[in-house]
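If you read the sequences in order, they're chains A and B.
Here the numbering used here = 1-based position in the first sequence + 29.
Here the numbering used here = 1-based position in the second sequence + 1.
For reference, the structure is listed below as structure tokens.
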Amino acid sequence: MDLKLDHHTQDDTEIVVVEGEIDVYTAPRLRELLIDLVNKGNFHLVVNMEKVEFLDSTGLGVLVGGLKRVRAHDGTLDLVCTQERILKIFRITGLTKVFGIYESVQEAIDNRKSK
Amino acid sequence: MALVQLTISALPAHVRTARLMATAVARRAGIAESALDEIRLAVGEACSRAVEAHRAHCPGQPIQLDLIDGAGPVSSRGGAPAPAPHNGQAAHRFEVVVSDRAPAQEPGIPLDHRGDGSGLFFDDHTPPDGVSGLSPDVGLAVIVGLADEVSIEPNEKGTVVRMSWPLGGADADGTDRLVG
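Here is the structure:
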């Protein structure tokens, strides 16, 4: 399956909904979207990965790149993911310590606002 | 031993084709369902790495995948040192070999990956516009983390990445492979 991207605003946070496979072929599209959102002043992002079917290190690199960009503006980039097969690659690379990973969009938003 | 070979051009779109092919052959070989995701991801990482290397050095050259049902352990065939099989027997394995023809570069991290992510990300030298904020060695680290046995052999002709997993999770006696 190809990659589908959508985004909307919720509670002053830009929610990026990703569906499909994030790999070396499709990751540049996600990268472009994240860059575009940051360039338009969206510095608090939540990437909803509940419908992601595949994620490799190229996709991880795009997410890390997005995190670097929002942090340059004192922003945040959190993830929503409960799929074990997707979480596994975050664990292997140690990136669970870098990203906030939540079970729902609302939980991610609430956690950020409580800090 | 049964062999399926796949040759792809160095195009990102073909990495998915390689993943699908490897997963299908692994399933046919009798790999446990729980390991199929690992194979899919590890093969994708190896092919992504090879495609990026070819695009930088030799975009017109193809990349070759060998999918081997019933290979012996890597350690018994002159490859890099590998851990002993968990059951102490030289059981047959499903092996994937990804061979590229780009000038080899030594991996920047040891293969006994630490797993804590330290040093793998937030590379200060990565430009903000770079595709990846990760070290390019992360892909290899992921392969090491996923495959049961791994050897990465750079030579003058390119790099050969060998990954293998034990057979027998789905059909321990291998009988359905004889009749299918």
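Glycine residues also receive a C-beta, built at the ideal position from the N, C-alpha and C atoms.
The alpha-carbon separation between E34(B) and E61(A) amounts to approximately 35 Å. Between the C-alpha atoms of V127(A) and N140(A) there is a straight-line separation of about 15 Å.
The continuous beta strand (DSSP E) containing I51(A) extends over residues T42 to I51. Taken in chain order, the complete alpha helix (DSSP H) segments of 4 residues or longer contained in the segment 52 to 129 of chain A are 56 to 68, 86 to 100 and 113 to 122. The continuous alpha helix (DSSP H) containing K142(A) extends over residues V134 to S143. When secondary structure is reduced to three states using DSSP, A3(B) falls in the strand class.
The shortest C-alpha to C-alpha distance from S49(B) to any of I44(A), I51(A) and K97(A) is the one to I51(A).
Within chain A, D52, V53 and Y54 have C-beta atoms less than 7 Å from the C-beta of V16(B), given in sequence order. Contact annotation: the segment 9 to 28 of chain B touches the segment 45 to 63 of chain B, with at least three C-beta pairs closer than 8 Å.
For L42(B), the chain A residues whose Cβ falls inside 7 Å of its Cβ are D85 and I118, in order along the chain. Taking all protein chains in view, the Cβ of L168(B) is crowded by 16 or more other Cβ atoms within 10 Å, so the residue is classified as buried.
Residue range V139 to L147 is occupied by the alpha helix (DSSP H) that includes G140(B).
Beta-bridge analysis with DSSP links Q62(B) to no other residue.
R20(B): member of the alpha helix (DSSP H) spanning A14 to A30, first to last residue. The criterion of a C-beta distance shorter than 8 Å is not satisfied by G45(B) and R28(B). At a cut-off of 8 Å, the C-beta of G159(B) has no neighbouring C-beta in chain A. Nearest to A142(B) by alpha-carbon distance, out of R120(A), I138(A) and A137(A), is R120(A). The Cβ atoms of A23(B) and R41(B) sit closer than 8 Å to each other. At a cut-off of 8 Å, the C-beta of R58(A) has no neighbouring C-beta in chain B. In terms of beta-carbon proximity, L135(B) lines the interface with chain A, with at least one pair separated by less than 8 Å. The C-beta distance from N77(A) to V45(A) rounds to 7 Å, short enough to meet the 8 Å contact threshold. Apart from the 5 residues on each side of it in sequence, V47(A) sits with its Cβ closer than 8 Å to the Cβ of L32, K33, L34, L59, V76, N77, M78, K80 and V81 in its chain, given in chain order.
Nearest CB-CB separation between T122(A) and chain B: below the 8 Å threshold.
Spanning the alpha carbons of D103(A) and L74(A) requires a straight line of approximately 12 Å. With a threshold of 8 Å between beta carbons, D101(B) makes no contact with chain A. In terms of Cβ geometry, V161(B) and E150(B) do not form a close pair [threshold 8 Å].
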